[in-house]
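Inspection log for the structure reproduced underneath, given as structure tokens.
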Amino acid sequence: MAQTMSLATPLSRPDLRAALRRAERPNRLRALALALPALLFLIVTFGAPIGLFLTTAVRNPEVRHILPQTVSTLDQWDGQGVPGEEAFAALAADLARAKENSTAAALGKRLNYESAGMRSRIMSVTRHLGSFADGPLAPQFIALDPAWADTELWAIIKRNGAPVTLYYLLTAVDLGQDATGGIGRVAADQAVFLDILGRTLWIAGLVTVATLLLGFPTAYVISLAPARVAGLMLLMVLLPLWTSLLVRTTAWVVLLQTDGVINQVLLALGLTTEKLQLMLTRFGTVTAMTHIQLPFTILPILSVMKSISEGQMRAARSLGAPPLAAFWRIYAPQTLPGVAAGCLMTFILSLGYYITPALVGGPRDQMVSNFIATYINRDLNWGMAAALACLLLVMTLSIYLAFLRIVGAERIKLG
Amino acid sequence: MVSKRMFLAATTLAYGLALGAAMAAEPLSVMSFGGAYQEAQRKAVFNAYAEATGRPVSEQEYGGEIAKIKAMIDSGNTTLDVVDVDAPTLLQGCDEGIFEPIDWEKIGPKSEWLPGTTSDCGVGTIVYATILSYDEEKLANKPTKLADLFDLEKFPGKRGLWKNPATNLEFALLADGVAPDAVYETLSTPEGLDRAFAKLDTIKDQIVWWEAGAQAPQLLASGEVTLTTAWNGRIFNANKEGRKFGMVWDNQILDSNFWAIPKGAKDIEGSLAFIHFAVEPKILAATAKYIPYGPVRTTAAAEVAPEDARNLPTSPANLTTSLTLDNAFWADHGDEIRKRFTTWLSN
Numbered sequence: 001m002a003q004t005m006s007l008a009t010p011l012s013r014p015d016l017r018a019a020l021r022r023a024e025r026p027n028r029l030r031a032l033a034l035a036l037p038a039l040l041f042l043i044v045t046f047g048a049p050i051g052l053f054l055t056t057a058v059r060n061p062e063v064r065h066i067l068p069q070t071v072s073t074l075d076q077w078d079g080q081g082v083p084g085e086e087a088f089a090a091l092a093a094d095l096a097r098a099k100e101n102s103t104a105a106a107l108g109k110r111l112n113y114e115s116a117g118m119r120s121r122i123m124s125v126t127r128h129l130g131s132f133a134d135g136p137l138a139p140q141f142i143a144l145d146p147a148w149a150d151t152e153l154w155a156i157i158k159r160n161g162a163p164v165t166l167y168y169l170l171t172a173v174d175l176g177q178d179a180t181g182g183i184g185r186v187a188a189d190q191a192v193f194l195d196i197l198g199r200t201l202w203i204a205g206l207v208t209v210a211t212l213l214l215g216f217p218t219a220y221v222i223s224l225a226p227a228r229v230a231g232l233m234l235l236m237v238l239l240p241l242w243t244s245l246l247v248r249t250t251a252w253v254v255l256l257q258t259d260g261v262i263n264q265v266l267l268a269l270g271l272t273t274e275k276l277q278l279m280l281t282r283f284g285t286v287t288a289m290t291h292i293q294l295p296f297t298i299l300p301i302l303s304v305m306k307s308i309s310e311g312q313m314r315a316a317r318s319l320g321a322p323p324l325a326a327f328w329r330i331y332a333p334q335t336l337p338g339v340a341a342g343c344l345m346t347f348i349l350s351l352g353y354y355i356t357p358a359l360v361g362g363p364r365d366q367m368v369s370n371f372i373a374t375y376i377n378r379d380l381n382w383g384m385a386a387a388l389a390c391l392l393l394v395m396t397l398s399i400y401l402a403f404l405r406i407v408g409a410e411r412i413k414l415g
Numbered sequence: 001m002v003s004k005r006m007f008l009a010a011t012t013l014a015y016g017l018a019l020g021a022a023m024a025a026e027p028l029s030v031m032s033f034g035g036a037y038q039e040a041q042r043k044a045v046f047n048a049y050a051e052a053t054g055r056p057v058s059e060q061e062y063g064g065e066i067a068k069i070k071a072m073i074d075s076g077n078t079t080l081d082v083v084d085v086d087a088p089t090l091l092q093g094c095d096e097g098i099f100e101p102i103d104w105e106k107i108g109p110k111s112e113w114l115p116g117t118t119s120d121c122g123v124g125t126i127v128y129a130t131i132l133s134y135d136e137e138k139l140a141n142k143p144t145k146l147a148d149l150f151d152l153e154k155f156p157g158k159r160g161l162w163k164n165p166a167t168n169l170e171f172a173l174l175a176d177g178v179a180p181d182a183v184y185e186t187l188s189t190p191e192g193l194d195r196a197f198a199k200l201d202t203i204k205d206q207i208v209w210w211e212a213g214a215q216a217p218q219l220l221a222s223g224e225v226t227l228t229t230a231w232n233g234r235i236f237n238a239n240k241e242g243r244k245f246g247m248v249w250d251n252q253i254l255d256s257n258f259w260a261i262p263k264g265a266k267d268i269e270g271s272l273a274f275i276h277f278a279v280e281p282k283i284l285a286a287t288a289k290y291i292p293y294g295p296v297r298t299t300a301a302a303e304v305a306p307e308d309a310r311n312l313p314t315s316p317a318n319l320t321t322s323l324t325l326d327n328a329f330w331a332d333h334g335d336e337i338r339k340r341f342t343t344w345l346s347n
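Protein chains in written order, with UniProt numbering: chain Y, 1 to 415; chain R, 1 to 347.
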């Protein structure tokens with residue numbers, strides 16, 4: 001029956017596609033099986049740890065685990081006025097256990113993010129627990145620190161009884177929650193991260209434009225050069241790529257510093273009368289990053305240029321196009337897939353720069369990665385680091401997707 | 001010579017009796033920061049202790065990581081007897097209960113220690129300072145007080161400052177006329193914080209920020225800055241290598257290291273006895289011969305040779321207007337202030 005149908009009416013396209021897919025399935029499975037070790041390796045060593053780390057951006061275990069009684073008591077609290085004696089008693093019991101387990105410091109640190117001074121308040125109560133007299137605890141807490149009569153303080157504890165928190169992610173975009181849980185902008189002097197994100201995008205953009213301006217002509221010259229010269233030129237493009245990033249950055253420090261090579265040459269040639277400030281500036285950062293990123297922009301452009309037939313330019317000329325018009329209207333549009341790929345690669349890599357801005361840049365040139373590093377290494381505030389990392393990842397992915405949309409996936413040629 | 005021998009004899013007697021002969025053979029395990037610092041401790045403290053008590057010191061080194069001490073305690077086998085820790089580590093460790101409480105009866109009267117260098121679980125040992133420094137060979141007119149850092153008319157040129165709000169906000173308030181003992185009180189109020197930033201604003205365009213301690217003397221040496229704040233040990237070392245950098249002790253900011261006993265230490269009496277020995281005025285003073293960090297015990301100052309005393313943060317003449325860094329303040333307010341500092345830097 002089916003056979004007669006298929007003979008009578010031509011197979012509709014979706015059926016054909018499904019049939020093809022079925023036919024190719026064994027091949028695809030075989031290919032997948034071959035790639036499986038690499039995939040597993042990537043998932044185990046790359047995907048899963050990053051995914052796990054990113055969850056720290058919303059994880060909120062401290063208050064829930066260290067103050068379980070307080071959290072359940074505060075469930076009944078309506079958020080108006082100071083909670084009753086039972087909340088203070090629960091807190092005292094929880095803190096006594098925290099003292100035994102040495103977890104009070106972790107709790108204090110977490111609450112201190114939301115309200116400066118909470119660390120010492122928690123530590124001070126924990127230390128004084130033993131000397132509290134029998135009878136109502138609330139007045140004794142408040143006598144120790146009047147802040148315990150503050151509704152907002154209890155609201156913070158109540159809010160953080162939840163297993164997940166938006167605190168880190170909100171802070172990463174300069175937002176905060178007030179006592180009632182409403183979301184609003186943080187005070188101007190605490191609003192750092194949007195500025196840093198904007199700066200990161202701007203520096204990455206500058207570097208991308210600079211590498212394109214320098215890289216495009218370089219790629220063009222290499223593509224036209226005779227094979228032996230082109231090989232040598234390509235080697236010179238690649239050579240820096242094989243040198244450690246740290247070494248290249250340090251080399252720029254030697255060149256750019258106030259007593260450095262560039263300043264000495266300029267002074268010796270009489271081009272300047274005093275030493276220029278090149279280190280610790282935006283100019284220095286962008287220059288060093290441009291140098292490091294140049295090969296990533298050149299290589300995709302070059303590979304596309306090599307595939308463009310020289311005959312096309314000659315044909316354009318013979319049909320009457322002046323040289324520049326022939327270049328712009330015939331040649332340049334065909335290099336677009338390479339230009340798009342090179343720029344995309346440089347832009348995305350530039351977003352994550354860390355060492356170069358840290359060594360060559362000034363305080364105004366530090367990018368998101370520098371702050372992630374500080375939160376991980378110095379402040380041990382991994383929640384904040386994970387939130388910033390999430391933001392960077394989302395930003396990078398959305399730029400990538402937007403780029404694919406605009407340029408078209410098939411038009412990007414990565415080498 | 002005679003007095004030294006008598007001193008050693010007396011201490012030998014005291015510690016020998018306290019410890020008993022059996023204990024004396026078991027080495028005492030001490031961990032410190034290595035480098036020139038631990039070498040000074042070895043010469044001044046560890047060797048003298050072994051000589052006085054017959055109990056050798058077995059040394060370990062670390063980079064100040066609290067995680068290392070914590071891991072040892074968590075493993076249930078505390079093999080260290082005494083550790084040298086910096087102030088933030090002491091604060092955190094004290095909070096988290098990883099140090100044993102100190103029985104001050106067995107150490108000495110707390111009143112002999114500089115303010116801020118005694119704790120429930122640590123005994124202050126040495127003090128280092130953040131000070132104002134300049135190149136004597138380049139400045140005809142020498143700065144004499146901290147306020148000169150902010151005086152662009154008398155001392156034009158760039159200034160080197162540590163890229164960290166801690167110490168700089170304190171310096172700003174001190175230069176603005178706030179008394180040392182009112183600095184943290186002022187800094188705790190929004191107006192006080194504004195005042196500190198406003199004072200820093202007056203020199204903002206002239207600031208070159210340094211991050212590693214070694215950069216400060218380099219900035220001075222290369223002439224990149226006229227004045228800089230710096231850690232006194234770095235300036236001292238640069239001078240040993242032939243530089244002539246002046247140090248302004250007015251309004252110096254002090255921070256200290258502590259002896260602490262890790263939780264679960266096997267012989268707490270022995271640990272306390274070691275600390276008691278290590279902070280004896282004579283022993284503390286001897287450390288200053290090898291490294292320019294001052295003894296925190298005021299009674300030790302008199303024991304320091306005059307030629308060393310000049311370079312110490314703790315010599316009485318240098319101490320009159322000093323401020324002790326309040327690490328608890330920075331643990332509470334650091335997050336918030338660092339964010340503000342970051343926005344301030346980029347505006």
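We put the beta carbon where it would ideally sit given N, CA and C, even for glycine. This one's a predicted model, so the numbers in the text were calculated from it and none came from an experiment.
Under 7 angstroms from the C-beta of residue i: neighbouring residues of chain Y
i       : result
A260(R) : By Cβ distance, chain Y contributes nothing, its closest Cβ being about 15 angstroms from A260(R), past 7 angstroms.
E137(R) : Under the 7 angstroms cutoff, chain Y gives no residues; its nearest Cβ is about 17 angstroms from E137(R).
D332(R) : N112, A116, G117, R119, S120
Chain-order list of residues whose beta-carbon lies under 8 angstroms from that of residue i (same chain, five-residue window excluded)
i       : result
E185(R) : G192
Y400(Y) : L344, I348
S315(R) : G294, A301, V304, A309
G157(R) : Q206, V225, T226, L227
P295(Y) : V237, L238, P240, L241
I203(R) : L149, F150, L152, R159
Proximal chain R residues relative to residue i, where beta-carbon distance stays under 7 angstroms
i       : result
M123(Y) : D95
P363(Y) : K163, W209, L345, S346
Euclidean distance between Cα positions of residue i and residue j
i       : j       : result
R228(Y) : I222(Y) : 10 angstroms
Q218(R) : N160(Y) : 47 angstroms
D81(R)  : G270(R) : 8 angstroms
G116(R) : T324(R) : 7 angstroms
L144(Y) : A133(Y) : 13 angstroms
Q3(Y)   : N27(Y)  : For Q3(Y), the pLDDT reaches just 47, beneath the cut-off of 50, and the residue's location in the model is therefore unreliable, leaving the point undetermined.
G34(R)  : A230(Y) : 54 angstroms
M384(Y) : A286(R) : 45 angstroms
I122(Y) : K289(R) : 42 angstroms
L284(R) : Q252(R) : 21 angstroms
V192(Y) : K339(R) : 6 angstroms
P363(Y) : D75(Y)  : 45 angstroms
8 angstroms Cβ cut-off: residues of chain Y touching residue i
i       : result
Q92(R)  : A105
A336(R) : Note that residue 336(R) is Glu in the sequence shown, not Ala. Under the 8 angstroms cutoff, chain Y gives A116, Q190.
R340(R) : D189, Q190
A328(R) : S120
Cβ neighbours of residue i in the same chain (closer than 6 angstroms, five flanking residues each side left out)
i       : result
G352(Y) : S369
T70(Y)  : A90, L91, D94
V261(Y) : L255
A138(Y) : E85, F88
G338(Y) : P300, I301, V304, K413
L67(Y)  : D94
A166(R) : W330
P333(Y) : none
Within chain Y, the residues that residue i reaches when beta carbons sit closer than 9 angstroms
i      : result
D74(R) : Within 9 angstroms Cβ-Cβ: nothing; D74(R) doesn't reach chain Y, min ~10 angstroms.
Distance between beta carbons of residue j and residue i, contact taken as under 8 angstroms
i       : j       : result
K110(R) : L272(R) : Not really, about 15 angstroms apart at Cβ, beyond 8 angstroms.
G122(R) : F99(R)  : 7 angstroms
beta-carbon residue i near the ligand GDP non-hydrogen atom, thresh 7 angstroms
i       : result
I330(Y) : Questions concerning the ligand GDP fall outside what the structure shown contains, since it holds no ligand whatsoever.
Same chain, Cβ closer than 7 angstroms to residue i, neighbours up to 5 away in sequence not counted
i              : result
residue 348(R) : As displayed, chain R neither begins before 1 nor continues past 347, which places residue 348(R) out of reach and without an answer.
A373(Y)        : Y354
Chain-ordered chain R contacts of residue i [CB-CB under 8 angstroms]
i      : result
Q76(Y) : Near Q76(Y) there are no residues of chain R at all, since even the closest Cβ is about 30 angstroms away, more than 8 angstroms.
Residues that residue i contacts on chain A, provided the C-beta gap is smaller than 7 angstroms
i      : result
S72(Y) : In the structure shown, chain A cannot be found, because the protein chains are Y and R.
Residues that residue i contacts on chain R, provided the C-beta gap is smaller than 9 angstroms
i       : result
T258(Y) : S222, G223, E224
_For a minimum of 3 consecutive residues, which ranges assigned as the beta strand (DSSP E) are wholly contained in the segment 152–198 of chain R?_
159–162
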